[in-house]
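Residues in the sequence shown are numbered from 366 upward in steps of one, following the working numbering.
Note that CB positions come from ideal geometry on N, CA and C, so glycine has one too.
All of these numbers come straight from a predicted model, not from anything done at the bench.
All remarks here apply to the structure that follows.
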Amino acid sequence: MKFPQFRAKQAPKPGSRAGKWLAVAAAAALALSGCAPAGDQDTIVVAIVANPQMKDAVSLQDDFKAKNPNVNVKFVTLPENEARAKITASVATGGGEFDVVMISNYETEMWAKNGWIENLQPLADATEGYNTDDFIPTIKDALSYKGEMHSVPFYGESSFLVYREDLFKEAGITMPAHPTWAEIGEIARKLNDPEKDFAGICLRGLAGWGEVMAPLDTVINTYGGQWFDADWNAKLDSPEVKAAVTDYVDLLHDAGQPGAATSGYGDCITRYSQGKAAMWYDATAMVSSIEDPASSLVAGKSQYAPAPVQNTESAGWLYSWSLAIPTTSKHKTAAWDFVSWMTNKDYIKLVGNEIGWERAPPGSRKSTYEIPEYAAVAKAYAKPTLDAMYGAKQDSSMVNSVPYPGLQFVGIPEFQDLGTRVSQQISAAIAGQKSVDEALKQAQLYAEPIAKSYQEGGK
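So, in structure tokens, the structure goes:
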């Protein structure tokens, strides 16, 4: 399979979209490590995020090696916040350290516009049995630029609420079919039991735009808040945002897990799986861990409800950890061999047969939900997952229109830095180090210069 020769592009103009990405990447560029071994044309370096699904992929490398004996794979596995910074720095500056990068629908369209990642559609179309039409439509669209996929999903997710059905029955509590945040708050406070180290609800509080801001942004959306309004005015100190953040922080203070300000996705997986929380609102991909009987004490004891709402009909997010090939890779054929192995239908069956069907990557392919073995173990969460993913749209999850793409993120280059700085203010409020008003006042100051740049023509 032949790839077009990489051509160096003209340096981006200051203030352009590409220029903004370079500015975001500059601070992280010096921290890069993990270069490919020199002279080995069959070795590819794959940058991935450290989470359970990616660890499964690493553990199954014998299957890839058996099918691709001439390709060696070196993984660079990093925590989410660190991975984002290093991958962005490498790709935005043309560093060439990585042949395959794990990114998301946040980066894909913007990086495709800049010419930083390969168009994977021709490669996918030429690969027998790969079938991009099998991808869930909202995920496929989110990973496409000009109708063609520039990254392909390892797994996809929206968000929903998991709850302990057995404990609800014992307490005589019924989960509403479409819960509101007020109802969830009331239930969480009833079930909270700090003396037994048992939380009424687990919610992320760890700083990071991909950590606390992911669930919190969906709360802001359904409360009628915005990061920026349709005219690019910063709105982080609006009454709607204040109400959403206040309710989120108060709920964690009243009924959340201990140490919530330093608690992220991984911590909530552990806490809920070990039977130390009654509810958890987060990514639908959680099912791969909490329904795994090998590691979870509550497998088979949960049910799933839609993302809680306030003033909208739905409130989920849409996200995909996906694989892309930087245009700077010198091993593009081998890179696609790996990408297509890790994102095809056979890989999902491999995980199911070798590790367990509970661990199969969810939310990427429609055909996954037609596999009898997966359908059997996913009976409780298959429909809620698909409902959440098909319904994750701005028009049903936001009260007011916004000038940017994204539900749990703002689809502009500056958001990696802005979202992180705002998240630090939120985490400080969760930790009790400052009030919500103080946190949002500082957040607004961070957002206003960016708003002004877009009002002046930097869109």
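Counting only runs of at least 4 residues, the stretch 478–565 fully encloses the following alpha helix (DSSP H) elements, listed from N- to C-terminal order: 486–491, 502–507, 530–536, 546–556.
Beta-bridge pairing by DSSP links Lys439 to Val410. The Cβ atoms of Glu576 and Gly590 do not sit closer than 8 Å to each other. DSSP places Trp701 in the uninterrupted alpha helix (DSSP H) bounded by 697–707. Rounded to whole angstroms, the gap between the alpha carbons of Pro502 and Glu522 is 12 Å. Rounded to whole angstroms, Leu508 and His515 show a C-alpha spacing of 6 Å.
Nearest Cα to Tyr588 within the set Ala672, Lys432, Met467: Ala672. With 16 or more other Cβ atoms from the protein chains shown falling within 10 Å of its own Cβ, Leu617 counts as buried. The beta-carbon separation of Ala595 and Pro768, rounded to 6 Å, stays under the 8 Å limit for a contact. Secondary structure of Trp476 (DSSP, three-state): helix. For Ala579, the CB contacts under 6 Å within the same chain, skipping 5 residues up- and downstream, are Gln773 in chain order. Going by beta carbons, Gly640 and Val663 fall inside the 8 Å limit. Linking Ala747 to Glu821 through their CA atoms gives a straight-line distance of about 46 Å.
The stretch 556–573 makes contact with the stretch 614–629; the number of CB pairs closer than 8 Å reaches 3 or more. In this structure, the straight-line span from the alpha carbon of Glu535 to that of Asp428 is close to 46 Å. Between the alpha carbons of Tyr613 and Asn557 lies a gap of roughly 15 Å. Between the alpha carbons of Thr408 and Ala625 lies a distance of about 41 Å. Residues of the same chain with a CB within less than 7 Å of the CB of Phe500, apart from the 5 flanking positions on each side, are Pro518, Ser729, Arg730 in chain order.
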